[in-house]
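In UniProt numbering, the protein residues as written are 1 to 569.
Glycine included, every Cβ here is placed at the ideal spot set by N, Cα and C.
Bear in mind that the values here come from a model prediction, so they are computed numbers and not experimental data.
Here's what the structure looks like:
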């Protein structure tokens, strides 16, 4: 089907109309006025008359030029006035906005909630719901059951809930594809086609993006009805803001971290976004900058959704002023005060380049875009330069100490790649928590038990009794005090004297030959045949080792002993 191309031809003296002058509902105009939006941008001025009339259209404008309200305002206006060809609002979704990324889903939802602050439905406040992956299903299902008027979501989660019967698409009157080229070009086409098969045929469809290549427009025409293609700039204008200063340097991979650290110390630098091609590189750059003392966060696919949202919220609120991200954050993230964008790695193509540097110089502000090209990326950059007619086919070789780097970006002389971190202030009144002292290790010191000899006696040497008591007493006292909670494990090593031999009872039997002393008391026999009383001997008693007898051996030993006694008698 043929479409109509409408191009803006607005001079500098042109005064943009207000939303009220274009016929937007008073409730929406009031809500927009409270957030400081009164007059329209070029894309909004061109799309609102057609979109409010319910016509299909393709909106194309540079990033940061208000595309969200270009489709959001007419969408809210039409469903609030029940002008979508369906019954009045009853809690069933009437408008569906499909976006490629979770971050963009959250942002579009927030913008629509701000604009619909004073719109009412049958339950009171008009409700806008965001549906995306990385969040529990239960909360989203509960919200759909309670009633929703506008749904903003990513294709995967939308299909899951629609297949399960929780998301009803049979009453959708307005369908919007934001960043349409991204969804139709990166594998979302099968999901988009399935969703189109679930929504009514009689509907309004709008596509919006900063870049709209010819093949994407041809594909979009298959599900639009006589669309009007609106382009809010001259055909020969670049897709990049004129207020964005672009610097392209050929940099060595090992010097990029130092170079970026010095760029972040430029005098005019504010909030800065750094883009990489891979998730691993993004986290590596973020960790390196954090070690250098910068307030930095990261957004990439390896992080959980909660961590990604926290990093973006901190960046919006100013808690951190550097955000390292993959291209997931280059699509539609609206943060007005970004002053610098750094391409740590060369973008894949010209569309990615446009969306990356489009994060700065938004809404009439100025910005700085710095792109670092490695030697193996020169061919890719040459293709980007040719497609966008930038006139920088051969970037100048640049290092972190190159003088032109300092002069181009306004970096003070003498800065280093590290910011000194402030020393933590010590509170004198703060409670000091001390770790319990560990008991000192004692070597070659052994405790003695009552009635047991010292090592010197065991080794066959004579030990003075007084010396033994003096050495043992302090050890016992110190050990009891220091290890009262947890006694130290000690290992005692016992040695036999050089002339000592095994006891005569090694096999579990006692020798009875000449053992009877006439008083019925059996004495132990030494290896030399002498018999001494254990209580009156001058030599220390030797400890006998008892060994467990094998089963059945005890009876045999008893029999043998009885036979020996009988024979002696």
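Review point. Which residues bound the alpha helix (DSSP H) around residue 321?
Key: Segment: none, residue 321 is in no alpha helix (DSSP H) and carries neither H nor E.
Point to revise | Beta-carbon contacts of residue 17 that lie in its chain and below 8 Å, excluding the five residues immediately before and after | key: Correct list, in chain order: 39, 40, 45.
Check your understanding: Got a sec? Which residues, its chain only, sit under 7 Å from residue 50 by beta carbon, not counting five neighbours each side?
Key -> Within the same chain, 57, 228 come within 7 Å of residue 50 by CB-CB distance, once the 5 residues on both sides are set aside.
Check your understanding: Which whole-angstrom value describes the C-beta separation of residue 417 and residue 310, a residue pair presumed to lie in contact below a C-beta threshold of 8 Å?
Key -> With a Cβ gap of about 27 Å, residue 417 and residue 310 do not count as contacting.
Exercise for review: Name, in chain order, the residues that DSSP records as bridge partners for residue 246.
Suggested key: Paired residue(s): 369.
Practice item. Look at the Cβ atom of residue 133, then the Cβ atom of residue 102, and state whether they are nearer than 8 Å. Key: Cβ distance < 8 Å, so residue 133 and residue 102 count as in contact.
**Study point:** Cβ-based neighbour list, residue 347, same chain, cut-off 7 Å, excluding 5 preceding and 5 following
**Key:** The answer, listed in chain order, is 353, 356, 384.
Point to revise | Three-state secondary structure assigned by DSSP to residue 384 | key: For residue 384, the secondary structure class from DSSP, reduced to helix, strand or coil, is helix.
Review point. Can you list, in chain order, the residues of its chain whose CB lies under 7 Å from that of residue 70, leaving out five sequence neighbours each side?
Key: Contacts found: 43, 44, 47, 59, 208.
Review point. Would residue 381 be called buried (16 or more neighbouring beta carbons within 10 Å of its own) or exposed?
Key: Answer is buried; the Cβ neighbour count reaches 16.
Practice item. May I have the straight-line CA-CA distance separating residue 151 from residue 88, to the nearest angstrom? Key: Put simply, the backbone Cα of residue 151 is about 17 Å away from that of residue 88.
Check your understanding: residue 195 and residue 131: beta carbons closer than 8 Å?
Key -> Cβ atoms of residue 195 and residue 131: not closer than 8 Å.
Check your understanding: How would you label residue 268, buried or exposed, when you count the other beta carbons within 10 angstroms and need 16 or more for buried?
Key -> Burial check for residue 268: the Cβ neighbour count within 10 Å stays below 16, so the residue is exposed.
Check your understanding: What does DSSP give as the partner residues of residue 95 in its beta bridges?
Key -> The bridge partners DSSP lists for residue 95 are 150, 174.
Check your understanding: Nearest-angstrom Cα distance between residue 284 and residue 294?
Key -> When rounded, the distance between both Cα atoms is 14 Å.
Check your understanding: For residue 82, is the classification buried or exposed, using 16 other Cβ atoms within 10 angstroms of its Cβ as the cut-off for buried?
Key -> With a 10 Å radius around the Cβ and a threshold of 16 neighbouring Cβ atoms, residue 82 comes out exposed.
Check your understanding: Buried or exposed: residue 189, going by 16 or more other Cβ atoms within 10 Å of its Cβ?
Key -> Burial call: exposed.
Check your understanding: Between which two residues does the alpha helix (DSSP H) harbouring residue 404 extend?
Key -> Bounds of the alpha helix (DSSP H) holding residue 404 are 403-409.
Exercise for review: Using the Cα positions of residue 361 and residue 337, report the straight-line distance between them to the nearest angstrom.
Suggested key: Per the coordinates, the alpha-carbon of residue 361 lies some 8 Å from the alpha-carbon of residue 337.
Point to revise | When 175, 308, 258 are compared against residue 290, the one with the closest alpha-carbon | key: Checked all of 175, 308, 258; the closest Cα to residue 290 is 258.
Exercise for review: Assign residue 276 to one of two classes, buried (16 or more other C-beta atoms within 10 Å of its C-beta) or exposed (fewer than that).
Suggested key: Taking every protein chain shown into account, the CB of residue 276 has 16 or more other CB atoms within 10 angstroms, so this residue is buried.
Check your understanding: For the 8 Å Cβ check, are there 3 or more pairs between the segment 303-323 and the segment 216-232?
Key -> Because the criterion of three Cβ pairs below 8 Å is not met, the segment 303-323 and the segment 216-232 do not touch.
**Study point:** Proximity of residue 100 and residue 206 at Cβ, strictly below 8 Å
**Key:** Their beta carbons are not under 8 Å apart, which means residue 100 does not touch residue 206 by this criterion.
Review point. Tell me which same chain residues have a C-beta within less than 7 Å of the C-beta of residue 410, skipping the five on either side of it?
Key: So the list reads 266, 267, 268, once near-sequence residues are dropped.
Point to revise | Proximal residues to residue 109 (C-beta, below 6 Å), its chain only, five neighbours per side dropped | key: Closer than 6 Å at the Cβ level, and outside the excluded window around residue 109, lie 128, 130, 152.
Point to revise | Cα-Cα separation between residue 342 and residue 161, rounded to whole angstroms | key: In this structure, the CA atom of residue 342 is about 38 Å from the CA atom of residue 161.
Review point. First and last residue of the beta strand (DSSP E) that includes residue 130?
Key: From DSSP, the beta strand (DSSP E) with residue 130 extends over 128-131.
**Study point:** Close-in-space but distant-in-sequence residues of the same chain around residue 220 (CB under 6 Å, 5 per side omitted)
**Key:** When the five nearest sequence neighbours on each side are left out, the beta carbons in the same chain lying within less than 6 Å of the beta carbon of residue 220 are those of 207, in order along the chain.
Point to revise | CA nearest to the CA of residue 29, picked from 351, 282, 61, 116 | key: For the options 351, 282, 61, 116, the alpha carbon positioned closest to that of residue 29 is the one of 116.
Review point. Buried or exposed: residue 154, going by 16 or more other Cβ atoms within 10 Å of its Cβ?
Key: Residue 154 is buried by the Cβ-count criterion.
Check your understanding: Starting from residue 71 and walking both ways along the alpha helix (DSSP H), at which residues does that stretch end?
Key -> Segment 67-80, the alpha helix (DSSP H) holding residue 71.
Point to revise | Length of the line joining the Cα atoms of residue 113 and residue 402 | key: It is roughly 48 Å from the alpha-carbon of residue 113 to the alpha-carbon of residue 402.
**Study point:** Beta-ladder partner(s) of residue 187, from DSSP
**Key:** Answer is none; residue 187 lacks a bridge partner.
Exercise for review: State the start and end residues of the unbroken beta strand (DSSP E) segment that holds residue 272.
Suggested key: Where residue 272 is concerned, the enclosing beta strand (DSSP E) starts and stops at 271-275.
Practice item. From the DSSP output, read off the bridge partner residues of residue 208. Key: Its beta-bridge partners are 59, 178.
Exercise for review: Keeping to the same chain, check which residues put their C-beta closer than 7 Å to that of residue 105; ignore five residues upstream and five downstream.
Suggested key: So the qualifying residues of the chain are 99, 130, 132, 152, 153, 154.
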